[in-house]
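1 is the number of the first residue of the sequence shown in the working numbering; add one for each residue after it.
Written below as structure tokens is the structure these notes are about.
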Amino acid sequence: MSITNGNEPAVATNLSNGAKAQDVAVVLLGRGNLHGNRLQDGLGMISARMADAYDDYHFVEALLEQGEESFPNALDVCVEAGARRIIAVPVFFPLDPPVVNWLKSVARQWLRESNSNVVITFTESVMESPLVPEAINGSVEYALSQGKPLEAKQRANNNEEHPAWSVIPPHKNHVLFCQGPRCTASGSGDLGGYLRKRLKEEGLEEDAGHVLEAQTGCLFPCNLGPLMVVYPEGTWYCGLDRAVIDRIIEEHFHGGQVVTDYAFNPSPERQSTAQTQNPYT
Numbered sequence: 001m002s003i004t005n006g007n008e009p010a011v012a013t014n015l016s017n018g019a020k021a022q023d024v025a026v027v028l029l030g031r032g033n034l035h036g037n038r039l040q041d042g043l044g045m046i047s048a049r050m051a052d053a054y055d056d057y058h059f060v061e062a063l064l065e066q067g068e069e070s071f072p073n074a075l076d077v078c079v080e081a082g083a084r085r086i087i088a089v090p091v092f093f094p095l096d097p098p099v100v101n102w103l104k105s106v107a108r109q110w111l112r113e114s115n116s117n118v119v120i121t122f123t124e125s126v127m128e129s130p131l132v133p134e135a136i137n138g139s140v141e142y143a144l145s146q147g148k149p150l151e152a153k154q155r156a157n158n159n160e161e162h163p164a165w166s167v168i169p170p171h172k173n174h175v176l177f178c179q180g181p182r183c184t185a186s187g188s189g190d191l192g193g194y195l196r197k198r199l200k201e202e203g204l205e206e207d208a209g210h211v212l213e214a215q216t217g218c219l220f221p222c223n224l225g226p227l228m229v230v231y232p233e234g235t236w237y238c239g240l241d242r243a244v245i246d247r248i249i250e251e252h253f254h255g256g257q258v259v260t261d262y263a264f265n266p267s268p269e270r271q272s273t274a275q276t277q278n279p280y281t
């Protein structure tokens, strides 16, 4: 089990650890999007183009936050595809050193839990590549030669064009569901999708018992994730999984009773239990 640092070439035919090109998987790490999981419009498009250009490698997409394709899940996919070496490529901006260090700690934790002998290497930041100025200049030249200039047009104001943006819908409960990096690594993307599915199945998306669910960035107490906060009570539910979400829907949203087994109160003291310890922090 190992994780290394290094400047990985774009294409490699001779690999120092004896792996062949077909044994290499490349994880493209993106940022995520609170307004929808649309990998096909960005990261997925890059992955598809890379796969067309370098078909010896297996390309996988992963999101730092706000999506179901977490980094640990991507590592699982790479191993299932037969990879002996995984190259992690952060392709988002800005790329803060603490974020990269945390991603490496996620990879180390995954190695410990999976007991895999795969070798994981992180590339340097894409923005440090000497090819970046050339790529940007190519886009500028294309815009100058073929781009369509914008035109100022008369239009209604936002309130008239998008009336729903001016409405706070009536609701019984308001859920803030954390989709920050650490919660995403521990499965909050999948759980958020499951929550929305269950709310729809239970008829809790409208009418008097409406539960207004909103995805958020980091809510801060990462060691207790995956987590969400339910208002008006201000209840922090931590250590979520599908079974816990089912209980919250039945007991809290339908029954009006807080599920105390997973409810945490704000406190200056550290809070942690075995079932609510997030390994990816």
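Virtual Cβ for every residue (Gly too), placed ideally from N, Cα, C.
Residue(s) in a DSSP beta bridge with residue i
| i | result |
| --- | --- |
| Phe59 | Val26 |
| Leu212 | His174 |
| Phe264 | Trp236 |
| Pro90 | Leu29 |
| Ser282 | It is not possible to answer for residue 282, since the shown part of the chain is limited to 1 through 281. |
Residue i in three-state terms, based on DSSP
| i | result |
| --- | --- |
| Tyr142 | helix |
| Val229 | strand |
| Cys183 | helix |
| Cys282 | Past the boundaries of the shown model lies residue 282; the chain is included only from 1 to 281, so the question cannot be answered. |
| Phe220 | coil |
| Pro130 | coil |
| Asp52 | helix |
| Gln109 | helix |
| Ile245 | helix |
| Ser345 | The shown model of the chain, from 1 to 281, leaves out residue 345, and the question about it has no answer. |
| Gln40 | Annotation note: pLDDT 45 at Gln40 (below 50); position unreliable, coordinate value reported separately. Of the three classes helix, strand and coil, the one that applies to Gln40 here is helix, per DSSP. |
| Asp76 | helix |
Classification of residue i by the beta-carbon crowding that lies within 10 angstroms, buried from 16 upward
| i | result |
| --- | --- |
| Tyr57 | buried |
| Val11 | At Val11, the pLDDT of 37 sits below 50, so the modelled position is not reliable and the matter cannot be decided from this model. |
| Leu191 | buried |
| Ser188 | buried |
| Thr236 | Note that residue 236 corresponds to Trp in the displayed sequence, not to Thr. Buried: at least 16 other Cβ atoms inside 10 Å. |
| Ile294 | Any question about residue 294 goes unanswered here, given that the chain covers just 1 to 281. |
| Asn117 | exposed |
| Arg85 | buried |
| Trp165 | exposed |
| Gln154 | exposed |
| Gln66 | buried |
| Pro163 | exposed |
| Arg49 | exposed |
| Arg112 | exposed |
Residue i versus residue j - alpha carbon distance
| i | j | result |
| --- | --- | --- |
| Met127 | Asp96 | 12 Å |
| Gln40 | Gly180 | Low local confidence applies: a pLDDT of 45 at Gln40 is under 50, so the model's placement there is unreliable, and no value is given. |
| Asp261 | Pro149 | 58 Å |
| Pro130 | Pro72 | 30 Å |
| Ala185 | Ile168 | 31 Å |
| Ala263 | Gly225 | 12 Å |
| Gln215 | Val229 | 11 Å |
| Arg270 | Asn223 | 10 Å |
| Pro221 | Tyr142 | 46 Å |
| Gly147 | Ile46 | 21 Å |
| Leu284 | Phe92 | Given that the chain is displayed from residue 1 to residue 281, the structure contains no residue 284 and the question cannot be resolved. |
| Gln109 | Ala83 | 18 Å |
| Leu75 | Asp241 | 21 Å |
| Ser125 | Leu227 | 31 Å |
| Cys78 | Glu69 | 13 Å |
Contact the region 249-256 vs the region 198-211: 3+ CB pairs below 8 Å: yes
Three-pair Cβ contact test at 8 Å for the region 207-214 versus the region 168-183: yes
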